[in-house]
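K.L.:
This is the structure I have questions about; it appears just below.
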Amino acid sequence: MNKEVKDLDLLIIGGGPAGLTASIYSARAKMNMILLENQLIGGQVRNSYTIENYPGFKVISGNDLADLMTEQANELGVKIERFSKILNVSLKDDEKLIETKKFIYRPKAVIISTGATPKKLPIPNEQRFLSKGIHYCAVCDGAIYENNVVGVVGGGNSALEEALFLTKFASKVIMIRRYDYFRGEKSTLDEVSNNSKIEVMYNWDLINVEGKDFVNKAIVKNTKTGEEKEIELNGVFAYIGTEPKTDLFKEYLNLTPNGYIITDENMQTNIQGVYAAGDVRDKKFRQITTAVSDGTIAALAAEKYIAEKER
């Protein structure tokens with residue numbers, strides 16, 4: 019069956035903060051555009067229980083911030099096609115084609131804001147105990163560990179923030195840190211250090227988890243001495259970095275060895291009229307505010323590209 023071809027000015031792929039911001043700017047510019055999102059609108063920001071560093075809000079939940087961004091986009095008339103999985107793409111200087119189950123989109127410009135997913139724990143029993151003691155979202159799964167002991171693996175702000183969140187439920191949170199330092203903000207680290215429910219195990223690495231049907235212990239190894247030991251716990255939450263969602267585009271775009279899309283300061287990729295914004299892009303800092311900045315720049319650059327193309 020032949021699919022309907024939709025000609026557009028702009029197609030935005032991904033509905034996190036970067037994609038939503040790009041859609042808001044594009045809608046205000048009266049561009050004929052569509053935003054595609056295969057999952058929930060809002061992206062990973064919905065996994066943040068509390069956000070305290072987004073300008074204009076002293077404290078706001080990730081869900082509330084995502085809802086406000088989505089509401090603003092909707093009020094501007096942004097067409098959002100939810101749960102629309104992309105089957106194939108073709109990205110060239112002179113033509114862009116994106117195929118979903120229902121349509122083939124032929125936009126003049128594309129903004130890729132597909133984000134990134136959490137890296138999986140590199141331990142033998144990760145798949146065996148996935149969602150049975152191994153988790154990657156404390157907001158999603160933390161409540162099931164009421165009055166239990168849980169571990170947190172990671173060394174950045176996400177690990178610190180999620181450890182604090184888990185103290186709302188767990189009787190104890192054990193942070194397993196392979197180095198003797200964290201990379202997070204000092205204020206957050208101070209909060210962790212002063213929380214009586216949190217124990218930090220510096221210079222220890224998680225090498226496996228064990229249990230019958232669910233996790234009941236972790237095996238850790240000292241990174242300085244090589245000593246191994248078991249610790250009793252009921253679940254492990256991992257925050258060891260992210261992997262970009264770029265498999266669809268790797269045939270066409272220049273990527274880093276880790277799979278992030280390489281752009282210039284205007285979010286332009288190596289293909290004319292194709293831009294990348296947010297966590298999917300190669301950059302030093304990945305924050306909600308930097309994603310919003312990327313989305314702004316990408317939308318303005320795409321608008322300029324389309325205008326010049328039509329002259």
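For what it's worth, my numbering labels the leading residue of the sequence shown as 19, then goes sequentially. Quick reminder that beta carbons are idealized off the backbone N, C-alpha and C, glycines included. No experiment lies behind these values; they were computed from the predicted model shown.
Thinking C-alpha only, which one of K247, E113, V227, G277 is nearest L139?
P.N.:
The shortest C-alpha separation from L139 is found at V227.
K.L.:
P35 and G313 look like a contact to me (Cβ under 8 Å); what is the Cβ gap, rounded to whole Å?
P.N.:
Sure, about 7 Å apart at Cβ, within 8 Å.
K.L.:
Tell me which same chain residues have a C-beta within less than 7 Å of the C-beta of V23, skipping the five on either side of it?
P.N.:
Only I122, R124 meet the Cβ criterion.
K.L.:
Of the residues L26, Y43, D27, which one's Cα is nearest the Cα of A316?
P.N.:
The residue with the shortest Cα to Cα distance from A316 is Y43.
K.L.:
By how many angstroms is the C-alpha of N284 removed from the C-alpha of Y270?
P.N.:
Y270 and N284: Cα-Cα distance of roughly 19 Å.
K.L.:
Could you tell me which uninterrupted beta strand (DSSP E) segments, each at least 3 residues in length, are contained entirely in the stretch 203-279, listed from first to last along the chain?
P.N.:
Listed in chain order, they are 216-220, 222-229, 233-240, 246-250, 253-257, 260-262.
K.L.:
Per DSSP, what kind of secondary structure is E22 in: helix, strand or coil?
P.N.:
Of the three classes helix, strand and coil, the one that applies to E22 here is strand, per DSSP.
K.L.:
Under three-state DSSP, which class holds P35?
P.N.:
It is helical.
K.L.:
Excluding sequence positions up to five away, which residues of its chain have a Cβ less than 6 Å from the Cβ of L143?
P.N.:
One point to set straight first is that residue 143 is Asn, not Leu, in the sequence displayed. For N143, where only same-chain residues beyond five positions count, the Cβ hits under 6 Å are N226, V227.
K.L.:
So the beta strand (DSSP E) I122 belongs to, where does it begin and stop?
P.N.:
Where I122 is concerned, the enclosing beta strand (DSSP E) stretches over 121-130.
K.L.:
Touching or not, the stretch 227-238 and the stretch 141-161, by the rule of three or more beta carbon pairs under 8 Å?
P.N.:
Short answer: they touch.
K.L.:
Would you call the CB atoms of I59 and I30 closer than 9 Å?
P.N.:
Not in contact: I59 and I30 (Cβ atoms no closer than 9 Å).
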